[in-house]
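J.:
In my numbering, the protein residues as written are 1 to 418.
Structural data, given as structure tokens:
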């Protein structure tokens, strides 16, 4: 009940100790201090750094994408918010090149909308997704707002509101849009595209790529799906939902706190996270700065969390994990039936990770069976071997295997692409 107050008080109480740990680290890293060159000194410094990082609060990181390259030529990148609502900002990564030939070429690149999941992490967790797409695509991304920062006077936001918003921005971006949906967003995007295909066919996107999403969770059970399916909504409401304290802009709003989402998610793979912390400690002691920096960068993103509105969370759990509305053909949006059979002009690609413990193989591929009006030539499935949930949209295999395949898929189905 008092999760926010407890965590905020804990953060304040530990602040002096974190300051001491930082100063002690600086001292132990001094080349003029003899102990700095010993195993004992490096071990103590590593322990202090782990203490500091384990007790601090993580804020929303920046995308920090200011440059990319095309055919070796540098391209400047700037972020612009092109559409804003209380619960989401639509960001456009505009690209400018000094070379006129390159500038003309990139102006013809396919338009891509990356729809991020509204499941506790900020859009910046998809930085690697954006970075890999930037050289050859005109990239937009949804940046969901932390619910505790949204005043209660701004109203509510549930799953149907998210679907409606996605329909609006897809129409805003125009007829040649390609959508990439990640994790939770796969459900909302498939619904939005189905509705556009039925109601506004000219605005249906050219391609739709669904990555690691729970389209049909009935064919394979994991810890997440079992927990979501077996708990009643009233039980989830009493155990997971908190009220935002008065000292936040979203005071009195009922939310599923990001910290609780993070703890739930980490508990499903705690052994792996403990192993990573041990490896991190060893990297620090050995002075392996590159490996330690990589660890820091990942966990700076992973541990930065945002709250989700109560109504969104409960409606999503009910429809995706308990009633399986999409898979059962019973999904209703604003009294209109959502029917993926209406999709006839949007090519569909599904991407899954072999080791995904949140949306295992089969959950996302189920979308292909629902879109029965699409010919086989417009449907494709990919299973990436050796990656988990986060590896399907970031990391080495995303850059080397998955992104090039998505790039080819988009170009194949966009007649005007260069």
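Just so you know, even glycine gets a beta-carbon here, dropped at the ideal spot from N, CA and C.
Because the structure is a prediction, the values reported are computed rather than measured.
DSSP state of residue 69, grouped into three classes?
T.: Residue 69 falls in the strand class under three-state DSSP.
J.: Go to residue 374, then tell me how far its alpha helix (DSSP H) extends in each direction, as first and last residue.
T.: Neither: residue 374 is in no alpha helix (DSSP H) and is coded neither H nor E.
J.: DSSP three-state label for residue 380, please.
T.: In the structure shown, residue 380 sits in a strand (DSSP, three-state: E or B).
J.: Using DSSP with H/G/I as helix, E/B as strand and the rest coil, what is residue 160?
T.: In the structure shown, residue 160 sits in a helix (DSSP, three-state: H, G or I).
J.: Just verifying my parser: in three-state terms, what is the DSSP assignment at residue 77?
T.: It is a strand residue.
J.: With a CB to CB cut of under 7 angstroms and the five nearest residues on each side skipped, what residues in its chain are close to residue 405?
T.: Result list for residue 405: 382, in chain order.
J.: Which residues in the same chain have their Cβ closer than 6 angstroms to the Cβ of residue 76, if we skip the five residues on either side of it in sequence?
T.: Excluding positions up to five away in sequence, the list reads 96.
J.: Check for me: the beta strand (DSSP E) holding residue 32 runs from which residue to which?
T.: Run containing residue 32: none; DSSP gives neither H nor E here.
J.: Can you find at least 3 beta carbon pairs, one from the region 205-213 and one from the region 302-319, that sit closer than 8 angstroms?
T.: Touching, no, given that fewer than three Cβ pairs across the two stretches are closer than 8 angstroms.
J.: Taking its Cβ as the centre, do 16 or more other Cβ atoms sit within 10 Å of residue 369, making it buried, or is it exposed?
T.: Residue 369 comes out exposed.
J.: Reducing DSSP to helix, strand and coil, say where residue 202 ends up.
T.: Correct three-state label for residue 202: helix.
J.: Whole alpha helix (DSSP H) runs in the region 113-141 with 4 or more residues, listed along the chain?
T.: Listed in chain order, they are 127-133.
J.: DSSP three-state label for residue 409, please.
T.: Reduced to three states, the DSSP call for residue 409 is helix.
J.: Could you tell me which of 70, 87, 112 sits nearest to residue 98, measuring between CA atoms?
T.: Among 70, 87, 112, the Cα nearest to that of residue 98 belongs to 70.
J.: Taking the DSSP output, what are the residues bridged to residue 337?
T.: Residue 337 pairs with 332.
J.: State the start and end residues of the unbroken alpha helix (DSSP H) segment that holds residue 312.
T.: 310-316 is the span of the alpha helix (DSSP H), which, as asked, contains residue 312.
J.: For residue 122 versus residue 93, is the C-beta distance shorter than 9 angstroms?
T.: Taking 9 angstroms as the Cβ cut-off, residue 122 and residue 93 do not qualify as a contacting pair.
J.: Can you find the residues in the same chain that come closer than 6 angstroms, C-beta to C-beta, to residue 307, ignoring five residues on each side of it along the sequence?
T.: Excluding sequence neighbours, residue 307 sits near 146, 147, 148, 255, 257, 258.
J.: Which residue wins for smallest C-alpha separation from residue 356, given the options 225, 138, 115?
T.: Cα-wise, what sits closest to residue 356 is 225.
J.: Rounding to the nearest angstrom, what Cα-Cα distance links residue 252 and residue 113 in this structure?
T.: Going from the Cα of residue 252 to the Cα of residue 113 covers about 33 angstroms.
J.: Exposed or buried, residue 353, counting other C-beta atoms within 10 Å across all chains shown (16 or more means buried)?
T.: Counting Cβ neighbours within 10 Å, residue 353 comes out buried, since at least 16 surround it.
J.: Quick check on the DSSP output: the beta strand (DSSP E) that includes residue 182 runs from which residue to which?
T.: 177-182 is the span of the beta strand (DSSP E), which, as asked, contains residue 182.
J.: Quick one: measure Cβ to Cβ for residue 443 and residue 183, integer angstroms, because I've assumed they're closer than 8 angstroms.
T.: Outside the shown range of the chain, which is 1 to 418, sits residue 443, and nothing can be said about it.
J.: Please confirm if the region 124-140 is in contact with the region 102-116, defined as three or more CB-CB distances below 8 angstroms between the two stretches.
T.: Yes: at least three Cβ pairs fall under 8 angstroms.
J.: Buried or exposed: residue 128, going by 16 or more other Cβ atoms within 10 Å of its Cβ?
T.: That one is buried.
J.: Determine whether the beta carbon atoms of residue 322 and residue 229 lie at a separation below 9 angstroms.
T.: Yes, these two residues count as a Cβ contact at 9 angstroms.
J.: Measuring straight from C-alpha to C-alpha, what distance separates residue 219 and residue 102?
T.: Whole-angstrom Cα-Cα distance: 47 angstroms.
J.: If you draw a straight line from the alpha carbon of residue 250 to that of residue 190, how long is it in whole angstroms?
T.: C-alpha separation (whole angstroms): 30 angstroms.
J.: Rounded to whole angstroms, what's the CA-CA distance from residue 100 to residue 108? Just pull it up for me.
T.: Spanning the two alpha carbons is a distance of roughly 13 angstroms.
J.: Can you tell me the Cα-Cα spacing of residue 143 and residue 34, whole angstroms?
T.: Rounded to the nearest angstrom, the two C-alpha atoms are 48 angstroms apart.
J.: What's the gap between the Cα of residue 163 and the Cα of residue 333?
T.: Those two C-alpha atoms are separated by around 8 angstroms.
J.: Taking the alpha-carbon positions, what's the residue 13 to residue 178 distance?
T.: Going by the C-alpha atoms only, they are around 48 angstroms apart.
J.: Quick one: using the 10 Å Cβ neighbour count with 16 as the cut-off for buried, is residue 418 buried or exposed?
T.: Low per-residue confidence applies at residue 418: pLDDT is 41, beneath 50, and the placement is therefore not dependable enough to give any value.
J.: Tell me, which residues are paired with residue 343 by DSSP?
T.: The partner list for residue 343 (beta bridge, DSSP) is empty, contrary to what the question assumes.
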